[in-house]
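Just so we're aligned, residue 93 is where the sequence shown starts under the numbering used here, counting upward by one. Beta carbons are placed, not taken as given, at the ideal position from N, Cα and C, and that holds for glycine. Take a look at the structure below.
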Amino acid sequence: MTTTPRRTPVPGTAPDHPQHPPATAPSHPSPALPHSSARAALVTTAHALAARGLVHGRTGNVSLRTTDGSILITPTGTELGAVAPEDLSVIDADGAHLDGPPPSKEAFLHAAMLRARPDARAVVHTHSPHAAAVSCLDGLDPDDALPPLTAYYAMRVGRLPLLPYFAPGDVRLAGPAEEQARTHAALLLRHHGPVVAAPGLDAALEAVEELEQTARIFLLLRGTEHARLSAEQRAALAPRLPSPVALFSALAIKKALDDVVLEAFTSATGIDVDGVYEPTNVLLEQIAGGARPDVMVGVTSGLAKLADAGVLDRASLRPLARVGIGVAVPPGAPAVDISSTGALVRALTSARSVAYSRTGASGVAFAALLDRLGIAAEVNSRATVVDKGFTALAVTDGRADLAVQQVSELRFVPDARVVGAFPEEVQHYTDLSIALGAHARDHPGAHALLRHLTAAPAHAAYRAAGLEDPSR
Ligand code: ZN
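Next comes the structure, spelled out in structure tokens:
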């Protein structure tokens, strides 16, 4: 991140005209909202804040920096418990409104926190009662408004500076907030409430909840003799950034991971995923050369060998999905009938040219199938053999009128029309499995990613990308 810190928010985000229509027309393209999984994760957090009693009425707001650097934020005048993914506003790093309904009046504060903290993705702000009560007390240490009473507070919040009073929506708060946020993940706004930045939404929610509970404990202890954590105890518990996870993945699943699954994971957990996407054979070569994944997705036979060799953790190895071979035709072309072996043979032999790959797993199986069906010579005489990559490209640029490859790879080419999968009796499935790296047994992020990639929402994304549930 190399954004220039700004002290003055962009005009248009000021609170004196929050009712004005947005500068850019809000668009609601319902089927495919950008950042759909990030929106869903943000809404989950907003609902949790309401369910846990951390926000009341139309107070509180949540924001999330997305993969393209724009910021999703709850809109102005909204009840967090009722907010929906399509209700969210989009602002830029300076707090300027980009899309959707008018953002929260406190959008400038979220933008300031995120500018100050390049490692943070999520910001939560509440008026939760005990923290708000503390923000009104006299005699607080402005550098450390809430003392380290409990270990979890030291772990999840750290040190809490108190910022001077500004009226709600006063954009002059942005400067001091950005300044303090460079060295503190949580701030307490005088006569107002807390604002917390974190690597992900889950951590931001936990921090703001911990802050509220610690404020309550602090108020309970007022006027009593009590001890606090020592400086050493506090330092040992200081919040740490989650370590990134190295994911090696076969190409078949890349589209689902890119489109949905990894954004949802990183939004919620704040854990970055360093993804390497290659055919399983290439991943195996990289591992032979010394590379080590924390989590690996690939062809089952390859992963089993790696588990035998001690590279992957056998106990975590499990089937993930399978993918069959299918057919795509040019954009706008009528679907061909491939509902039976006879229909598939007719489609293949009447095509002007069939594109397939000779090196990929699907290409090898398909070449063998052509032999078995006795049409190898006929199809090959005018086939478009693709060396490497996506065969469906050959039906979008006119080289062929039928493309054969794994369904998930056909779906990589958005313009091609995927007709469907081969009939069962001639189908060839590639089984994919997932496992932890043997060295990653103690890596909490790797376990979290493995859980995420094997949970129901991930499986729904795999199916949408053309994969099927594993056979067992
Ligand atoms: Zn507020």
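Item: Among Ala413, Met205 and Leu502, the one whose alpha carbon lies nearest that of Ala552; Value: Ala413
Item: Every unbroken alpha helix (DSSP H) inside the segment 127-207 [4 residues or more]; Value: 128-143
Item: Helix, strand or coil at His120 according to DSSP, with G and I counted as helix; Value: Any reading at His120 must be qualified, since the residue scores a pLDDT of 34, below 50, and its modelled position is unreliable; no value is offered.
Item: Distance between Ala278 and Ala572 (C-alpha atoms, nearest Å); Value: There is no way to answer for residue 572, as the model of the chain reaches only from 93 to 564.
Item: Same chain, Cβ closer than 8 angstroms to Ala246, five either side skipped, listed in chain order; Value: Pro240, Leu321, Gln325, Arg326, Leu329 and Ala330
Item: Start and end residues, beta strand (DSSP E) containing Gln378; Value: Careful: Gln378 lies outside any beta strand (DSSP E), inside the alpha helix (DSSP H) at Thr372 to Ala380.
Item: Nearest-angstrom Cβ-Cβ length linking Leu395 and Gly367, presumed shorter than 8 angstroms; Value: Actually they are not in contact, since the Cβ atoms of Leu395 and Gly367 sit about 17 angstroms apart, beyond 8 angstroms.
Item: Proximity test, Thr168 beta-carbon vs ligand 1 heavy atom, cut-off 7 angstroms; Value: no
Item: Contact test: Pro194 Cβ vs ligand 1 heavy atom, cutoff 7 angstroms; Value: no
Item: Through-space distance from Val496 to Thr275, alpha-carbon basis; Value: 55 angstroms
Item: Endpoints, the alpha helix (DSSP H) within which Thr476 is located; Value: Segment Thr476 to Val478 is the beta strand (DSSP E) holding Thr476; no alpha helix (DSSP H) there.
Item: Distance cut-off 7 angstroms: Pro260 Cβ against heavy atoms of ligand 1; Value: yes
Item: Beta-carbon gap between Pro177 and Arg131 smaller than 8 angstroms; Value: yes
Item: His283 Cβ short of 7 angstroms to ligand 1 heavy atom set; Value: no
Item: Collapsed DSSP secondary structure at Arg209 in the structure displayed; Value: coil
Item: Short Cβ contact (8 angstroms threshold) for Leu134 with Leu156; Value: yes
Item: Ala508 (DSSP reduced to helix, strand or coil); Value: coil
Item: Check: His148 C-beta below 7 angstroms from any heavy atom of ligand 1; Value: no
Item: Whole-angstrom distance between Lys197 and Leu265, CA atom to CA atom; Value: 12 angstroms
Item: Inter-stretch contact (C-beta, 8 angstroms, three-pair minimum) for the segment 531-544 and the segment 504-514; Value: no
Item: Cβ-Cβ separation, Leu146 to Val300 (assumed contact under 8 angstroms), whole Å; Value: 6 angstroms
Item: N-terminal and C-terminal residue of the beta strand (DSSP E) that Thr522 is part of; Value: Thr522 to Leu528
Item: Pro198 Cβ short of 7 angstroms to ligand 1 heavy atom set; Value: Reading off the sequence shown, one finds Glu at residue 198, where the question assumed Pro. Yes, Cβ of Glu198 sits closer than 7 angstroms to a heavy atom of ligand 1.
Item: Contained beta strand (DSSP E) runs [length at least 3] in the segment 411-495, N- to C-terminal order; Value: 417-421, 446-449 and 476-478
Item: Proximity test, Thr151 beta-carbon vs ligand 1 heavy atom, cut-off 7 angstroms; Value: yes
Item: Rounded C-alpha distance that separates Thr306 from Val226; Value: 10 angstroms
Item: Proximity below 8 angstroms, CB of Ile417 to CB of Gln519; Value: yes
Item: beta-carbon His219 near ligand 1 non-hydrogen atom, thresh 7 angstroms; Value: yes
Item: Check whether Asp493 and Ser445 have beta carbons under 8 angstroms apart; Value: yes
Item: Alpha helix (DSSP H) segments (min. 4 residues) lying fully within the segment 204-277; Value: 221-226, 243-248 and 266-273
Item: Three-state secondary structure assigned by DSSP to Asp108; Value: Only weak support is given to the placement of Asp108: the predicted model assigns it a pLDDT of 35, under 50, and the value that follows is read from those uncertain coordinates. Note: Asp108 maps to coil in three-state DSSP.
Item: Any alpha helix (DSSP H) of 4 or more consecutive residues that is wholly inside the segment 311-359; Value: 323-328
Item: Between the CA atoms of Ile363 and Leu357 - distance to the nearest angstrom; Value: One point to set straight first is that residue 357 is Phe, not Leu, in the sequence displayed. If you take the alpha carbons of Phe357 and Ile363, they lie about 7 angstroms apart.
Item: Whole-Å CB distance - Val391 paired with Val287, under 8 angstroms assumed; Value: Contact flag wrong, Cβ pair sits at about 47 angstroms.
Item: Local conformation of Ala553 per DSSP, three classes; Value: helix
Item: Neighbourhood of Pro268 by C-beta distance below 6 angstroms, restricted to the same chain and skipping five residues each side; Value: Leu255
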